[in-house]
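Below is one structure, written out as structure tokens; comments come after it.
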Amino acid sequence: MSSIPMEAGLLLAGILFVIGMVSVMIRRNVIFMLISVEIMLNAAGLAFIVAGSHWAQPDGQIMFIFILTMAAAEVSVGLALILQLYHHLKTLDSDAANFMKG
Amino acid sequence: MILLWLIVLLLAGGLLAWIAQRWHPSAPRWIALFTVLSSLLLTMLLWVNDGASPTDTAWLIRLEQPWIPQWGVGFSLALDGLSLLLLLLTFFLGLLAVLISWREIQHKVGFFHFNLLWVLAGISGVFLAMDLFLFYFFWEVMLIPMYFLIGIWGHEKKRYAAYKFFLFTQASGLLMLLAILGLYFIHGNQTGTYTFNYFELLNTTLAPVAARWLMFGFLAAFLVKLPVVPFHSWLPDAHSQAPTAGSVILAGLLLKTGAYGLLRFVLPLFPTATVEFAPWAMLLGVIGILYGAILAYSQTDLKRLVAYTSVSHMGFVILGVFAFNEWALQGVVMQMIAHGLSTGALFILAGFLYERLHTRDMNKMGGFWTTAPKMGVMALVFVMASLGLPGLGNFIAEFLTLVGAWQANNWLTVFATIGLVLATAYSLRIMQKVFLERNLKQQVLPDLTFREMLIAAPMVVLMLWLGLYPQPVLDLAQPAIKQQLQAYTPAVPAVTSPAPQTAFYPPATDSTYFQKMKGETYEFK
Amino acid sequence: MNSNDFLHLMPLLILTFGAIINMLVISVWRNHKIIYVITALSMLAAFGSLLEQRTLGPHHIDPLFIIDGFAVFYMGIILLTALLISMLSYAYFEQREEQKEEYYLLLILSTLGACVLVLSKHFASLFLGLEILSVALYALIAYLRKRERSDEGGIKYLILAAFSSAFLLFGMALVYASAGTMEFAAIATAIASAGGLSLLMLTGFGMMIVGVGFKLGVVPFHMWTPDVYEGAPAPVTAFIATVSKGGMLGLLIRFFMEVDGFRYPALVLIFTIIAVASMFVGNLLALMQRNVKRILAYSSIAHMGYLLVAFLAGNEMGVQAITFYLVAYFITTVGAFGIVAMLSDKVRDAELLSDYKGLLWRRPWTATIFTAMLLSLAGIPLTGGFVGKFYILAAGVNTGLWLLVVTLIINSVIGLYYYIKIIAVMFQQPDAATEATARLRPAIYVASMGTLTILALLLVGIGIYPTALLNLIATVLDSYSTVAFR
Amino acid sequence: MAELLWLIPALPFAGALLLVLLGSRLPRALVTTIGVGSVGISAAVTLLLGIEYLSESPAFYHQVVWNWFNVAGFSPSVAFHLDALSMVFIFVITFVGFLIHVYSTEYMAHDPDYARFFACMNLFVGSMLVLVMADNLLLLYLGWEGVGLCSYLLIGFWYKEKANGYAARKAFIITRVGDTAMAIGLFMLFQTFGTLHIQTISTEAVQVWDTDARMAVIIAFLLLGGAVGKSGQLPLQTWLPDAMAGPTPVSALIHAATMVTAGVYLIARMHVIFELAPGAMMAVAVIGAITLLLAGCAALTQYDLKRVLAYSTISQIGYMFLALGVGAWSAGVFHFMIHAFFKALLFLCAGAIILALHHEQDMRRMGGLQKKLPIVFWTFLIGAASLAAVPLVSAGFYSKDQILWLQLAGENGNIWLYLAGLLGAFITSIYTFRMVFLTFYGESKTHVGHQPTMAIKLPLIILAVLSLVGGFIELPHNFGHVVLFSDFLSPILPTISVVPDFNRYEWMLQLLAAVVSLSGIFIAYLIYLKKPDLRASLHRSETAMAVHRFWHSGWGFDKLYDTLLVRPYVFLAKVNKDDVIDSFYTFLTRLAEAFHDLFSDSQTGLVRNYVMGIVVGAIMILTITIFL
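Protein chains in written order, with the working numbering: chain A, 24 to 125; chain B, 193 to 717; chain C, 527 to 1012; chain D, 9 to 636.
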């Protein structure tokens, strides 16, 4: 395990994170945006695990579990909101939701 | 303690006036009238009691109360001749303000008088505060009600004017706040006692650079308030848009707070920096005199014209302040009072005209002397005062200022003196446009009513008094001025001392001289 | 975990119980009043439990929490603010036919989250607190389901918040990776031993700043603020503006003081830029804005900028200044949004300037209170806002942050313009159209009016006689603060 | 008696005050009583004082009424100082003033603003008295400005006419220019002496400065500026002809007899300073010489009766300056007194004529009044004779002759100045009798309405007498050598020392003067009465008419100042009506608004862009963290 240097792991996490970030930026469908955010969160989780394993501590994995649960909660609320939004706008295009600007 | 009561009285009166509107529509007027009158009487009482008794220090009354001990902020008020004079002016003009609003203000009477009294309270606070935090506090407090006065009861462009007034003063005020803080910390680091107390801060030793910057901070606030060209552009709008009472208070009092600040804070706090800056300040003053006069000449809106005349007159103030000698400063004090009266009077006149004609445009006026000779005579006196005719207060003020300024800087004084000619030009223009020529529009112009005479006559009397026997005022101001000048007595060389022979003149020792000349003197019986 | 720990965590526990009881009650009997009473009581109780904590010394509950004067004070103001907001909410929701009850549940939970934030001294607790706060907020913002603006706001906040907390998490991960611990103090020591910040650490801090900055709504992470403020129901807006930002600020201060971030020019530079940008952008955005809620949103951005000035002073005085300012700011914001809430009707919130036209003549007292609030925001004397701003300026001048101080001054002038613009609208002549908007039921009206009056009096009180509050802050913070000052 | 010094100015002031306060309500009779009475009483007081003064002959009377103010040793008092010089002036002011007041009661009889008129007149007399009795320059300045105000009010008395108003403004502003110079002079005097007390200054100046001291010269010139402004001398003379817009009594009192000679008084009063500044003295003389010539020529070409008199006043004051300039102090003052008599007389006669001809002032529409207004004719003739310095009989001859004589005989006399004076005398007699012939001879053109009554006749006769016999108190050496007047003034004003053994030529000069004056009259007679075709031929020649127009416009000074000063100033003012500086602040607000628009566009309301914002922020932060 320790053969893999921490930097590599972090790099992977970083790449994941950036992928998520970019897709949030380019996606317009709210659900996809949500998914991409999840990717970012998981990237963070991965980073924690890597760090934890590097320091041989459980903390990283604990944090990851926290993140999972939080993500779950977030997604649930998020989906509820998205449903409502769809109910109002009859679309999932995030750009449609811009009554408020300026 | 009485000082505190003065302010509290006004504040309470204001609140009462606001509430009182529910009971009776004209109740606020009477309450306001009573409040201001009583504070005026109170102040006069002060003059009679303490003003007369010359103490070794210039301070007549002092009040020290802890307020925010953590910061060394005290609720400290003090009264010296200067403050006393300005308080008298404040309440006198306040009284007139209430009276002129009697007919002019017809809606939201309660709230109007609330604001009026709170402005007065703020101003009196400014004139009394001897703690820089407190000073700034009052300095700001007086703005808001003034903002309301302009913004609610003003003329057609009132909101614009109100914004402009508020923003200018606020911006400059904040710069002063910075300077105050700077001073506070410098003093604190030097002495270890962190305090905003004026008397403590007076003996702060400042590095030249620091002194310069701090002085600019203070100047910012005062020069804008005074106002000095090029920071004057809030004034014409505010003055011309405000209701008459507002204009009177703006021109008569708010501008004076700037002058007061210069005298009370800038001079004693930064003796060296001011001396460096003096030529520039005087230059600004002269520019103000001339520029204001030129602008005044071209105005057709009567109130705007008068507003620019204030710019011009306030030029004398800064010219005198930075001459650093007693003549000039006495002149400045006289100017503060005389200008307060004369310009206030002109604004009141404009108010009378506006009430009758509902216009301020002088092109729509003319030939009113025929229909309203009383008003004409009053106007004549006011106009003559503003062009500095001897025998009226402004002359004493301007002459003393110029005499003092001459000792400091000849050429600038010469240009300032030219201002008198320009003053003649714009002042006479008022007479010409409004009262002379033919009344082409055939406007019916009822002459002054009793109430209006009641307002105008005292001003005329006061102007004459100031012009013919100003000594009481000068005596009252003198110790204060000497005290403000302490730091300068070495710094500025005295006037080339008159040849010793003059010792025999002042009048007391005349006789010897006249014997020598085989002359005969006669006591005035 | 011994009893002592429980004693110290009492506020959190009480809040949690309050939430649970709420759920139970709702499940058996929906009744707005009762739920409201329970909520209020639980918050009061939590606050009460704080009072006797004041006497106890700083207490560590390793590794997650620390209860010291700082934490207690911030919890205190958070709880009180939440209490006030719940009072306003009652009046606000009473006239709306939605299912009102869950609202309080969420309110309590997010308050809990905020409290956890200010207590936490460990990434885990930080993260938990933050998320409790946020997740509850998503729902709160979108609570008025009938309004599409409401859930538009919700969605925006959801995505952006999640997005930014991802940054925060990743940052924490990096910090953890380089420091090997998630405890603030330990991190500080780790840095000290490492003798300076490693690149990893710096990057971590940087990404954390993104997360924190988002919650504080400072430039360039501010863009959500106006939309969410506008979309959310007025009380919720008040909540976001005060509790969530306050909690985050508390955390930021603690963390920064612990790791002593002021030693690192990079971080100082970042915060300086953020502060200056926030002040300018916030005020300029508000300048011509005609929607009161948005104006308040933008002004909140600017105010965060002001707070950062004191924060950057980075000494005891700075923290005290922030704290004082925060108190004044809380009062003011709650008051302002309270007014907005009170003037709102079933269909929409009173957010357009035109809704306020001639208010001074229609509802003098309300208008006066609003004026007081606005003047406080503008920092005019007689109000707490002035003393707060003065304190911040003093802190800035004391540390010689001239750039920031001057920026602050310029901006408070710009700010003044739009505050007095609202005031000016209020004293215009009311045109017949906007005559008395639908009156509330007298009881409620009196209740909310009373609340607002109290707020106004408080505001003027600390404006005229700040000594008491200053003493309190000084004692509570100094007496046994573990926040390490330079 | 001398305790009543203060009464002399106080009475007219009191009268003015009364009339201002309740003038409009009083019946005319009462107004008359107050207006005329106040001046009358102060004249009486003056008389008594004068008698006492002559009997006691002290250096002066002095009375401190009250101490005006006292600032750091600068303590001018409201105090009166009466010596021979002031005595002469207050005599003229009160007596001539009184006569003119009497005259006015009829002249203004039908004016609606009767009370206002007398209020202003009284105010004027009071201020003028303060001016000449002041013991310090500040009080003098008060009087100085006070008379300026009254002149403004009275020139613009018929304010309904726009022109009158402007004439009044012109007068006030131009004199104020002079006053400004004077004020600066006062500053310098104060700086040097620490007081403005005239006697002190006079006694000390000689100790502080030696002759030609720079300070002294500057101050003298500045004072001269003031004098020039008030006395309508070059280059500030342009206001005086326009000042004729006022009622004729005003012209007589203010713009002939008293106020305009204040400059003469000032110079005579401050003669010590001037003697220390020979340059300034020379300047005075030269200004006087030039002015008297220019004004004389202008007078030749006027048609308006009063304008002729106005220009002649300018030119006569020129003579006084000429005298003062060469140090012939008493001669100057003497001419002032005589001039006051005959010029007031002429103006009053003019007034009578104007009144008779329904406010017709143009001489071309007059004529043949000799029979219709006999009294006026004779008195006018006397006045004219005195003005034209008809030898032996007229007072003007003696006063003017003395001046001319001293131009040569005086120790700093000068042939050119003499010639100028002589030429002036010639011109004077021409235009004077041009008036006489045009007005009283030839066929009548306008119907005579109002015949003068006692109130008009009496003053005319008295003044006529004075302008005949007034000269006999000061006669040249070769006949009689009466020196009452100069003796009277000698304690105050140094007597000019005459170049020894020059006296033997005096009679020649007198002869010359006589010839000049008479020949002038003769020419006038030829052109305007005997040979009209001469005049016609003049009118035909282009050059003559061009010159005529040029002189008629007063040598085009008005145009000059208009283009050089007035227009540019007004233009400047109008251009900058709404304040360039203000635009800077408006620019600031525009800037702020621009930024607002910029930023608010960034608030698109699209989540994507907000995400983008956050990312950008993150990248910025990371770059900073990494690269710092």
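Heads up, the beta-carbon is just placed ideally off N, CA and C, and yes, glycines get one too. Here the structure is a predicted model, which means the values were calculated and not measured.
{"Check": "Per-residue DSSP class, three states only, for Phe591(C)", "Outcome": "strand"}
{"Check": "Distance, Ser50(D) Cα to Pro17(D) Cα", "Outcome": "7 angstroms"}
{"Check": "Short CB-CB distance (under 8 angstroms) between Glu629(B) and chain D", "Outcome": "yes"}
{"Check": "Enclosing alpha helix (DSSP H) for Pro537(C) [first to last residue]", "Outcome": "Met536 to Val554"}
{"Check": "Identity of the residues DSSP links to Asp312(D) by a beta bridge", "Outcome": "Asp370(D)"}
{"Check": "Strand pairing of Gln257(B), partner residues [DSSP]", "Outcome": "Phe267(B)"}
{"Check": "Residue-chain proximity (Glu678(C), chain A), Cβ-Cβ < 8 angstroms", "Outcome": "yes"}
{"Check": "Terminal residues of the alpha helix (DSSP H) in which Ile681(C) lies", "Outcome": "Glu674 to Ala705"}
{"Check": "Euclidean distance between Cα positions of Ile948(C) and Gly773(C)", "Outcome": "29 angstroms"}
{"Check": "Any chain C beta carbon closer than 8 angstroms to Phe603(D)", "Outcome": "yes"}
{"Check": "Residues that DSSP places opposite Ser619(B) in a beta bridge", "Outcome": "Its beta-bridge partners do not exist; DSSP assigns none."}
{"Check": "Candidates Leu284(D), Ser498(D), Leu517(D) and His263(D), of which the one nearest Phe646(D) by Cα", "Outcome": "The displayed coordinates of chain D run from 9 to 636. Any statement about residue 646(D) would go beyond what the structure contains."}
{"Check": "Any C-beta of chain C under 8 angstroms from that of Leu203(B)", "Outcome": "no"}
{"Check": "Nearest-angstrom Cα separation, counted from Thr616(B) out to Thr593(B)", "Outcome": "18 angstroms"}
{"Check": "Host alpha helix (DSSP H) of Phe607(D) (start-end)", "Outcome": "Val588 to Ser610"}
{"Check": "Ala209(B) classed as buried or exposed, judged by whether at least 16 other C-beta atoms fall within 10 angstroms", "Outcome": "buried"}
{"Check": "Counterpart residues of Leu606(C) in DSSP-defined beta bridges", "Outcome": "Its beta-bridge partners do not exist; DSSP assigns none."}
{"Check": "Beta carbon proximity, Asn75(D) to chain B, threshold 8 angstroms", "Outcome": "yes"}
{"Check": "Reference Met645(B); option with closest CA among Asn241(B), Val569(B), Pro258(B) and Leu459(B)", "Outcome": "Val569(B)"}
{"Check": "Stretch pair the region 375-383 of chain D + the region 448-461 of chain D: three plus CB contacts closer than 8 angstroms", "Outcome": "yes"}
{"Check": "CA nearest to the CA of Val506(D), picked from Leu412(D), Glu550(D), Lys582(D) and Met553(D)", "Outcome": "Leu412(D)"}
{"Check": "Straight-line gap, Leu549(B) to Gly317(B) (C-alpha atoms, nearest Å)", "Outcome": "37 angstroms"}
{"Check": "Contact under 8 angstroms by Cβ, Ala893(C) with Leu886(C)", "Outcome": "yes"}
{"Check": "As assigned by DSSP and simplified to three states, the class of Thr466(B)", "Outcome": "helix"}
{"Check": "Leu677(B) versus Leu375(B) - alpha carbon distance", "Outcome": "20 angstroms"}
{"Check": "Partners in chain B for Gln378(D), counting only beta-carbon separations shorter than 7 angstroms", "Outcome": "By Cβ distance, chain B contributes nothing, its closest Cβ being about 39 angstroms from Gln378(D), past 7 angstroms."}
{"Check": "Of the residues Ile848(C), Phe896(C) and Ala839(C), the one placed nearest Gly926(C), counting alpha carbons only", "Outcome": "Ala839(C)"}
{"Check": "7 angstroms Cβ cut-off: residues of chain C touching Ala363(B)", "Outcome": "Val939"}
{"Check": "Residues near Arg177(D) in its chain [Cβ-Cβ closer than 7 angstroms; skip 5 each side]", "Outcome": "none"}
{"Check": "Trp215(B), DSSP secondary structure in three states", "Outcome": "coil"}
{"Check": "Counted within 10 angstroms of its Cβ, other Cβ atoms place Trp603(B) as buried (16 or more) or exposed", "Outcome": "exposed"}
{"Check": "Burial state of Ala686(B), where buried means 16 or more other Cβ atoms lie within 10 Å", "Outcome": "Note on Ala686(B): pLDDT 45, under 50, position unreliable in the model; the coordinate value appears next. Exposed, since its Cβ has fewer than 16 Cβ neighbours within 10 Å."}
{"Check": "For Tyr945(C), the nearest candidate out of Ile906(C), Leu978(C) and Gly910(C) (CA to CA)", "Outcome": "Ile906(C)"}
{"Check": "Residue nearest to Ile298(D) in terms of C-alpha spacing, selected from Leu430(D), Ala67(D) and Ile589(D)", "Outcome": "Leu430(D)"}
{"Check": "Closest Cα partner of Met289(D) within the set Thr321(D), Ala253(D) and Trp337(D)", "Outcome": "Trp337(D)"}
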